[in-house]
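A.B. asks: First the structure, which I've put down as structure tokens, then a few questions once you've had a look.
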Amino acid sequence: MKKKIVFIIPNLKCGGAPKVLSLISQNLDNNKYNVILVCVNMIDAFYKITNPAVKVIDLNKKHIRNAIFPILSILKKEKPDLVFSNGQDLNILMGMFKLYFGKKIKFICRETSVLSGNNKNTKREKSV
């Protein structure tokens, strides 16, 4: 039986996270996984999903706060085995959804981090 994986991303504009998620979603084994890519807003998408086995859902919402109920209804309908989200706002939302779904769905939330020269209070700055 195929595992169902849902990737949720704010957009597919030019950037590292959209590139990685578009590549991963298109290159997973279609015999083992059903892949769904949910994008909050695909306007000005730089990366294209060319694999016909990947189901792409464009929520066409300007803000993530407007996508809460559409994402919830997609997760209820699709009943995925795994949800992979990217970005701070989506990760917070997935944390709340985890409370709702419990152990039915596994959630992986990837948080981006950039070491910044503007943050003078970090100990990491000295090690970089």
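In this note's numbering, the protein residues as written are 1 to 128. Backbone N, C-alpha and C fix where the C-beta goes; we use that ideal spot for every residue, glycine too.
1. So does the segment 77-95 actually touch the segment 42-50, counting three or more Cβ pairs closer than 8 angstroms?
2. Rounded to the nearest angstrom, how far is the Cβ of I74 from that of I92, given a contact under 8 angstroms?
3. Which of helix, strand or coil does DSSP assign to S113?
4. Output needed for N30: all residues of its chain with C-beta closer than 6 angstroms, excluding positions within five of it in sequence on either side, in chain order.
5. How about F7 and N60: do their beta carbons lie closer than 9 angstroms?
6. Leaving out five residues on either side along the sequence, give the residues of the same chain with a beta carbon under 6 angstroms from the beta carbon of A67.
7. Counting only beta-carbon separations shorter than 9 angstroms, does E78 have a partner in chain D?
8. Output the distance between the C-alpha atoms of S127 and S113, rounded to the nearest integer angstrom.
9. When DSSP labels each residue in this structure, what does L37 get in the three-state scheme?
C.D. replies: Answer, in terms of the structure:
1. no
2. Rounded, the Cβ-Cβ distance is 18 angstroms, inconsistent with contact.
3. coil
4. A53
5. no
6. V40, L59 and K61
7. This model lacks chain D altogether; it includes just one protein chain.
8. Unreliable placement is indicated for S127, whose pLDDT of 49 sits below 50; no coordinate value is reported for it.
9. strand
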